[in-house]
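Student:
Protein chains: 2
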Amino acid sequence: MAVCNHNEEHARAAEQAKRNMPSEEEVGRVAACFKALSEPARLKILFALRGGEMCVYHIVEAVGGNQSAVSHQLRTLRAAGIVRTRRDGQNIVYSLADAHVIAVLELACAHLQCKI
Amino acid sequence: MAVCNHNEEHARAAEQAKRNMPSEEEVGRVAACFKALSEPARLKILFALRGGEMCVYHIVEAVGGNQSAVSHQLRTLRAAGIVRTRRDGQNIVYSLADAHVIAVLELACAHLQCKI
DNA sequence: TTATCATATGAATAACTGTTCATATATTAT
DNA sequence: ATAATATATGAACAGTTATTCATATGATAA
Numbered sequence: 254m255a256v257c258n259h260n261e262e263h264a265r266a267a268e269q270a271k272r273n274m275p276s277e278e279e280v281g282r283v284a285a286c287f288k289a290l291s292e293p294a295r296l297k298i299l300f301a302l303r304g305g306e307m308c309v310y311h312i313v314e315a316v317g318g319n320q321s322a323v324s325h326q327l328r329t330l331r332a333a334g335i336v337r338t339r340r341d342g343q344n345i346v347y348s349l350a351d352a353h354v355i356a357v358l359e360l361a362c363a364h365l366q367c368k369i
Numbered sequence: 254m255a256v257c258n259h260n261e262e263h264a265r266a267a268e269q270a271k272r273n274m275p276s277e278e279e280v281g282r283v284a285a286c287f288k289a290l291s292e293p294a295r296l297k298i299l300f301a302l303r304g305g306e307m308c309v310y311h312i313v314e315a316v317g318g319n320q321s322a323v324s325h326q327l328r329t330l331r332a333a334g335i336v337r338t339r340r341d342g343q344n345i346v347y348s349l350a351d352a353h354v355i356a357v358l359e360l361a362c363a364h365l366q367c368k369i
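Protein chains in written order, with the working numbering: chain E, 254 to 369; chain Y, 254 to 369.
Written as structure tokens, this is what we have:
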């Protein structure tokens, strides 16, 4: 592989890209965030929580699957800062962490041209 | 596990969530989209392409790593509809597929409060 | 305190994914 | 044609991740 000589613009874009590249640490955090969104089972939970907060039992109702799997998925989402929790007696109530979550989902759906 | 009786709102939210849940197929497509964004190596390519289109050689320059790995990453991004290509002589020139891509990255960064 | 309900967790297995190495294809130049 | 350049691809291995099963924790009720 040798230098691509015939397009100076690419070379400038590459240099600029290198200068503006976020740090490894930042790129890693963004990637971790998207990784949490990359499983159908977890996305279903987020779609379910659009309508408002729910306890684990009802999340299981809404998305199907078994309790343990859903609990593991919730932990992943929580660790990624995508959902948050509060305790209400015996129940743990989950909700979307902030408005960015819905916004990202809607953007992705717009990109794919699927109505949700 | 038994029914969560003490919160009727959760039950309504669960029923509503089930009604409004996108199809398996749609959820799968959204998940695939995010999966493509979930690797640091691929995200770096997208950050690099913010400044404009580039051929593979310069993408390798900009993000580091070896040619084969970058090519595989590009294929994944292309298959997910996140970048697109055109041929220019010996080179294949890559660019972001549409404005949604930048928008999603910026939203994620806003969510994480990191400036990019 | 004991029993029950709601949720979380650890370990194990199975499935998936990324990277590397070697090589193939396609384009241009000689 | 032949060589060189630019990019892509298949196979194999290594690392990661999701699910399941069994069990643990924490909260309430009896």
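Yeah, the Cβ is synthetic: ideal placement off N, Cα and C, and Gly gets one too.
To the nearest angstrom, report how far apart Y:LEU290 and Y:THR338 are at their CA atoms.
Tutor: Rounded to whole angstroms, Y:LEU290 to Y:THR338 spans 18 Å at the Cα level.
Student: Pull up the CB-CB distance for E:LEU360 and Y:LEU360, whole angstroms please, since I reckon it's below 8 Å.
Tutor: Right, their Cβ atoms sit about 7 Å apart.
Student: Rounding to the nearest angstrom, what Cα-Cα distance links E:CYS286 and E:ARG331 in this structure?
Tutor: Whole-angstrom Cα-Cα distance: 11 Å.
Student: Using a threshold of 8 Å, state whether the C-beta atoms of E:MET307 and Y:ALA267 are closer than that.
Tutor: It is a contact, given that the beta carbons lie within the stated cut-off.
Student: Please list the partners that E:GLY318 has in chain Y, where partner means a Cβ-to-Cβ separation under 7 Å.
Tutor: Here the premise fails: no neighbours, minimum Cβ distance about 13 Å.
Student: Report back the beta-carbon spacing between Y:VAL323 and Y:VAL316 to the nearest angstrom; my notes put them in contact at under 8 Å.
Tutor: Contact flag correct, Cβ pair sits at about 7 Å.
Student: With 16 as the cutoff for other CB atoms within 10 Å, does Y:GLN320 come out buried or exposed?
Tutor: Counting Cβ neighbours within 10 Å, Y:GLN320 comes out exposed, since fewer than 16 surround it.
Student: Hey, quick one: how far does the beta strand (DSSP E) through E:GLU344 stretch, first residue to last?
Tutor: It should be noted that the sequence gives Asn, not Glu, for residue 344 of chain E. That run of the beta strand (DSSP E) goes 344–349.
Student: CB E:ALA363 to CB Y:HIS353, shorter than 8 Å?
Tutor: Yes, they are a contact pair.
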